[in-house]
Amino acid sequence: MNCDESKHKCQLLIDDELSEEEISPLMEHIESCYKCRDEYIGLLKLKKKLSGIKGPAPDEEWFETLRRSKGRRFAGGAGFILMVASWLLLAGYALFTLFSESGEGLFVKIVVAAAVLSVIVLFITALTDRIKESKTDKYKGVMK
Ligand SMILES: [Zn+2]
């Protein structure tokens, strides 16, 4: 285990999010590495300080209003879809005119096609990553 890995796992351990089998390799590293030991002790002290502080928590009614605002969520979703659709139509129209009517050279057409293709590939990659992540998301159901 290197120090970067160790620092990350120290934070997880402090937050009780480290799995059982990861704890002992981390402890071995902390025992042999003074930098990470200091880091771990610092985090422990910080946690102790923070646990004494109780922030104001919103009451149940506040959560209820969040859950109830389906109309608001629907309006937000519809607005987003309209925006994306209009942008796609505009981009499609611009591409159509570029390739069918304009007197632009072949080079410009190839560069634009490559740029559009790269955006599509990036979007699909991000979307598939998000879908894969959402299946194993341990914060699923946690309110933002
Ligand atoms: Zn270390």
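Just so you know, we're using this note's numbering here: the sequence shown kicks off at 2 and counts up by one.
Ideal Cβ placement from N, Cα and C applies to all residues, glycine included.
Following the DSSP letters along the chain, one finds Ile121 inside the alpha helix (DSSP H) bounded by residues 107–136. For His30, the CB falls within less than 8 Å of some heavy atom of ligand 1.
If you compare the alpha carbons of Glu62, Cys34, Asp16 with that of Leu44, the shortest gap goes to Asp16. Using a Cβ-Cβ distance cut-off of 8 Å, the stretch 27–40 and the stretch 53–64 are not in contact, since fewer than three pairs of beta carbons, one from each stretch, lie closer than that value.
Ranked by Cα distance from Pro26, the first of Val113, Lys10, Glu40, Asp39 is Lys10. DSSP places Ala58 outside both helix and strand once states are collapsed to three, so it counts as coil. The beta carbon of Lys110 lies closer than 7 Å to those of Leu99, Phe100 in the same chain, with the five residues before and after it left out. The nearest non-hydrogen atom of ligand 1 is 8 Å or more from the C-beta of Lys10. Around the C-beta of Cys4, fewer than 16 other C-beta atoms lie within 10 Å, and the residue is accordingly described as exposed. Under the DSSP assignment, Gly104 falls outside any alpha helix (DSSP H); it carries neither an H nor an E label. For Glu65, there are no CB contacts under 8 Å within the same chain when 5 residues up- and downstream are skipped.
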